[in-house]
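Take a look at the structure set out below.
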Amino acid sequence: MSAATSAVRSFFDRVMLLDLFAGLGITFKHLFKKKETVQYPEERREPAHRFRGMFRLDEDRCIKCTLCARDCPIDIIYIDWHQELNPVTEKKEKVLDRFDIDVQRCMFCGLCEEACPTEPKSIWLTSKTYELASYDRWENLYVDIDELQDWKIRPAYTDREVR
Amino acid sequence: MAAPDTVGTRDSLFEVEEMELAFGPQHPSTHGVLRLDLKVDGERIVGCYPIIGYLHRGTEKLFELHPFFQNVPHTDRMDYVAAATNNLAYVGAVEKLTGLTVPPRAAYIRTILCELQRISSHLLWLATHAIDIGAMTPFFYTFREREEVLDLFEEYCGARLTLNCMRPGGLPFDLPVGWTDRCGAFVDKFPAKVDEYEGLLTHNRIWKKRTVGIGVMSKEQALQYGVTGPMLRASGVGFDLRKATPYEAYGEVDFDVPVFHGGDTYDRYLVRMEEMRQSTRIVRQCLDKLPDGPVMAKKPRVLKAAKDTEAYYAIEGPKGEIGFYIVGNGTPNPQRCRVRPPSFYNLQIVPELTQDRLLSDLVAIVGTTDIVLGEVDR
Amino acid sequence: MAMLESLRDLVGPAVFDHAVSPLIKIAVLIFVGILPLISYLVLAERKILGFMQVRLGPNRVGPWGLLQPVADIAKLLVKQDIIPSTAIRWAFIVAPCLVVAPAFVIFSVIPFGPAASQTGGSLDYFVTDVNVALLFVVAMATVGVYGIILGGWASNSKFSLLGGLRAAAQMVSYEIPQGFSLVIPLLMAGTMSLQGIVQAQFEQQRWFIFQGWGLGLVAFFIYFVAGVAETNRNPFDLPEAESELVAGFHTEYTGMRFALFFLGEYANMIVISAVAVTLFLGGWHQPFPNAGWAGFLDLQWIPVLTPPLGLVGILWFSTKLAAFLFVYIWFRGTFPRYRFDQLMELGWKWLIPLVLLTIFGTGVWKILQ
Amino acid sequence: MGDEERKGPEEADGAAAQAAAEAAAKARAEAAAKAKAAKEAAEAAKPAWEREPKIPEWEEAGGDPIAAALAERHGASLLSARTLAGDLVLAVERDAIREVARSLHDEHGFTMLIDICGADYPDREGPRFEVVYHLMNLDSCRRVRLRVSTDEDSPVPSLVPLWRGANWPEREAFDMYGIGFADHPDMTRILMWEGFEGHPLRKDFPVEGIETGAAIYPEYYEEAAGPVTGTGTGWKPPRDEEGAAGAAEDA
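Chains as they are written, first to last, in our numbering: chain A, 377 to 539; chain B, 86 to 463; chain C, 107 to 475; chain D, 2 to 252.
As structure tokens, then:
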């Protein structure tokens, strides 16, 4: 392209506001494109299989090694246990007194799950739960062993909406 | 009445009256909790004093409390829009300090993750920068693509923002089945999307008026202030750690480092747009060359650094050179772990760039520095 | 109608024609016409912007979000009304009214449809037909700026003050090209009455946007750009640039007072568009009113209702208006914002010389006519 | 390690026994060396990531041209020059830091100041604090690290005259460690608020923070109550009365 034609072209660009119309064209085209909105309470994104959400715990698998608590960077896992004689096997076994997680401070890094030596893991975060908001500051956030074991897929308050 | 001071300064002669304007910390375009104390004459800025620290969480103190591997999630929370590069800089420093070598597959996956993170970080930057300048639509277009990047992250490591996706010595998991195909599909279509954003902005005369010649940073200024990353490359210094000291798999892929010489907001914009395209090239090549093998090196059960050893390891993050300086003390915890935050240094030059500019330019300049206050304040 | 007739008998025809009838028209115009129009314009804006931005926009209140304006109004009405303790109280209260009132007053002279004499009916589809309506429009549009300056100043906030000052400079500067650009259709029509200008376009068989060697188009362009700047809309929304001045002059306003500013802005948008439709796009006339082949556009062929001529006028007027408002919204969805000095530069260095040249050209055209 | 014989020190009794012990020790050492060599060979055959990690060690950087040039130029001010994992680390006399940095900047092309940070070594003999500078040469991509020891009372010469970008990091070192910088234009706190008492990154600063009146929920993070790890003290947030008492048993 010669200098003259490019000059003419840039002059027309300037006068005819072609740059502005190009932008207008792009937005106009998008008027008719598929919308990306997810209608949240009705539609829900299915989290990926590895999604780190709310904890689950399996007490039977757990060997009470407390590695998860030790590996937690912010020390929010509280474990107490004592030894008891199992009447059936006549062996001493560790019994959990307490397995609490202060989920309010949890940052869902998943290091506890990585630290767990059992196979399959006895503590895992891949419960596909991401709705952990609550109306009360304390609600649903400090979970003990029973809550951990039967933590529903979703917190209670959305259950009735989902059906 | 006293005789007028005929040899006075301009201000004493004309009695220019300045106003103090507290720009932030609650302000829509300070990208978090930055506060700029401005001295303005009308709308012209005659003085600017940034006040930071509103997001200070003592991350460096936290690092000293925890064993090396437990610190990775903390690094996510500094530059929270670019967690993967933070992770890489940290684990890189730990590996340097403890002599670990990363398997090649892990190196490739790390490269892919970092480049995807660069794309997502630049997309977020573009979104907020465009909003600052008044164009609201690019925000939604960029977030549409950013969602897809985050989906890829989620599939890989289970988190979308605070990834925690690297460990000293490698990676916590291998890629899930089909991930490479989905990632490949994304990077193949992404350059067309960049063209779309550029169609809205690059040639738009209003955009150009707002950015060309605004906040010009010379090469000397950039070096004086330790400015790194895209800001440095827009000032005519073609320095990129990915090329200069190739780490992970960067030495084995082919890509260009965009350099512009204007040093203004527009050039910084162009650099980042081009970087996004180059990132897709890198990811594509890495996906094609991805070797098989383990993703975790053999490492001691408890990772310890020898007493009085230290290492500084830096990588090219989306915002500039992010580095970690770690001092070991013979225990599993670091004695000192210092972050070299790119945003901290890039923000420092803002008062100089905004001198004698208008309030609207300040917004454009703060936007173009691409700061994340989580990283500035740590 | 029967009720109106009996009212006419009751108060006498003179009082009815000059006092009661305009009052009723105004009430109908405001409460049936403008207020719903504005609230649904806001909804339309949010919807269209949403669609341009690959999202859905409001869709929760009512089907397709159609009740959203109602919810918005209810929310704004019940919100706490805060007057900052350091604000200048009376000015703070007066300012929003000063913005809304002039915008509403202008509607009184805009011909939404034909006069009674043209349709043979008994109803004028406008409140009044002033013979210097154009001057009235320009004069009234000017008053709005006081409200904005006052609001910015009375808030006693720095961001508000800057917004108010920006608004003042911007609106005052852009009134000049806007006012001048109105001269061109005026020259073409030879009358200042808006009804007359519409009629002139009908008689000259051409919309003024296409009249006079393309000079109409230039005038239209200038008028529109200046109008966008006048209404503080993107890309000229500097007085309320949220990324710079938080919310500009209405930073400190809440609840209904904020809603009044909002109302004023949208009413101004409609006014600017309505004036543009009247002056440049043939007003309430259907497209190609004189061409036989386009005769079906009078809609009289719709068998079921056979709308009266006046209503067809209103329909066409609204269609043109809607197209205009769409462009407003389209702009907002596409463009970045100008900087303050660049805006001034555009106004003084480009638009004003251009509009003066155009006036000159139109004069020449008029002489050669 | 194979078949080496194990002998306790208590058997070593008398000259003969000593000689035998020596011979045994020699044999043991040989065997160990052999085993080590074999192991090394096996290690070398493995890919790098499966080998035992080789922890980097300090080496004297006598041959390094930059270190040599600086030593010649600044003499005793340059306390040591060593390398670790390829990084050149120079320990510099406190008052000479600006001159050393200046010659690095002017003569060796280290035009970019990467970072300045403080560090605290309370157990160390001599000055407690250290200021660490990272410089970079953009042309050769070479990095150099300068270390300066100082204590609370003796300020370090500021590098702001050389790099304007040294302003904030020096302020941060001051804020976090209380290290003063002489000739700094604005030696104020940067991350903590003005009026804050103490320097948070010092090792003697409590991790849980100090009472400043700024805590929003002080009752939640009770002093000396948590956080605990593993078999802990049985502490629970105050709202959870039942069950807290029973859980307090130790294992």
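From the three backbone atoms N, C-alpha and C, an ideal C-beta is built for every residue, glycine too.
Fair warning: this is a prediction, and the values are worked out from it, not measured in the lab.
- Between B:Pro315 and the set B:Pro188, B:Gly413, B:Ser428 and B:Val234, the nearest pair of CA atoms involves B:Ser428.
- Chain-ordered, the chain B residues with CB closer than 8 Å to the CB of C:Arg443 read Ile218, Gly219, Ala220, Ile291, Arg295 and Ser445.
- Listed in chain order, the positions of the region 97-126 of chain B with a beta carbon within less than 7 Å of a beta carbon of chain C are Met104, Leu106, His112, Pro113 and Ser114.
- Per the coordinates, the alpha-carbon of C:Met362 lies some 24 Å from the alpha-carbon of C:Leu431.
- For chain D, the residues of the region 138-156 of chain B that bring a beta carbon within less than 7 Å of one of its beta carbons are Gly138, His141, Gly143, Glu145, Lys146 and Leu150, in chain order.
- In the DSSP assignment, B:His214 falls outside any beta strand (DSSP E) and lies within the alpha helix (DSSP H) extending over Pro189 to Ile218.
- Here B:Val387 is exposed: its Cβ has fewer than 16 other Cβ atoms, across all protein chains shown, within 10 Å.
- Runs of alpha helix (DSSP H) with 4 or more residues, each lying fully within the region 387-463 of chain A, are found at 394-407 and 443-447, listed in chain order.
- Secondary structure within the region 111-185 of chain D: the alpha helix (DSSP H) runs of 4 or more consecutive residues, fully enclosed, are 168-178 (chain order).
- D:Val93 is bridged by DSSP to D:Leu79 and D:Val149.
- Around the beta carbon of B:His214, 16 or more other beta carbons lie within 10 angstroms, which makes this residue buried.
- Within chain C, the residues placing a beta-carbon under 8 Å from that of A:Glu412 are Val160 and Arg161, ordered along the chain.
- Rounded to the nearest whole angstrom, the CA to CA distance from B:Cys371 to B:Met361 is 15 Å.
- Contact annotation: the region 120-133 of chain C does not touch the region 346-359 of chain C, with fewer than three C-beta pairs closer than 8 Å.
- In the DSSP annotation of this structure, the continuous segment of the beta strand (DSSP E) that includes B:Cys422 starts and ends at Pro419 to Arg425.
- Look at the beta carbons and you see the region 170-187 of chain B not touching the region 429-443 of chain B: under three pairs across the two are nearer than 8 Å.
- Looking from the CA of B:Gly323, the closest CA among D:Cys142, D:Ala174, D:Arg95 and D:Ala34 belongs to D:Cys142.
- When CB distances to chain D are screened at a threshold of 7 Å, the residues of the region 305-318 of chain B falling below it are Leu308, Gln309, Tyr310 and Gly311, in chain order.
- Counted as a single uninterrupted DSSP element, the beta strand (DSSP E) harbouring B:Cys133 occupies residues Arg129 to Ile136.
- At least one CB atom of chain B sits nearer than 8 Å to the CB of C:Ser349.
- For the 8 Å CB-CB criterion, D:Asp176 and D:Val161 do not form a contact.
- Apart from the 5 residues on each side of it in sequence, B:Pro376 sits with its Cβ closer than 7 Å to the Cβ of Pro189, Arg190 and Tyr193 in its chain, given in chain order.
- Residues of the region 431-459 of chain C with a C-beta atom less than 8 Å from some C-beta of chain B are Arg438, Gly439, Thr440, Phe441, Pro442, Arg443, Tyr444, Arg445, Phe446, Asp447 and Gln448, listed in chain order.
- C:Val377 and B:Pro223 have their alpha carbons spaced roughly 30 Å apart.
- The continuous alpha helix (DSSP H) containing B:Val157 extends over residues Val157 to Asp161.
- Using a Cβ distance threshold of 8 Å, D:Arg148 and D:His135 do not count as a contacting pair.
- Residue environment analysis places C:Asn237 among the exposed positions, since fewer than 16 neighbouring C-beta atoms fall within 10 angstroms of its C-beta.
- Taking the beta carbon of A:Leu508 as reference, no residue of chain C falls within 8 Å; the closest one sits roughly 23 Å away.
- Residue contact with chain C for A:Leu407: present (Cβ-Cβ distance below 8 Å to some residue of chain C).
- In the three-state scheme derived from DSSP, where H, G and I count as helix and E and B as strand, B:Phe340 is classed as coil.
- Closer than 8 Å to the CB of B:Tyr430 there is at least one CB belonging to chain D.
- The CB of A:Arg428 comes closer than 7 Å to the CB of Gly243 and Ala244 in chain B, given here in chain order.
- Residues of chain A whose Cβ lies closer than 9 Å to the Cβ of C:Phe157 are, in chain order, His406, Leu407, Phe408, Lys409 and Lys411.
- Residue-level contact check: B:Asn249 touches chain A, since one or more beta carbons of chain A fall below 8 Å from its beta carbon.
- At a cut-off of 8 Å between beta-carbon atoms, B:Val131 makes no contact with chain D.
- Sequence-distant Cβ neighbours of C:Gly333 in its own chain, meaning closer than 6 Å and more than five residues away, are Ile378.
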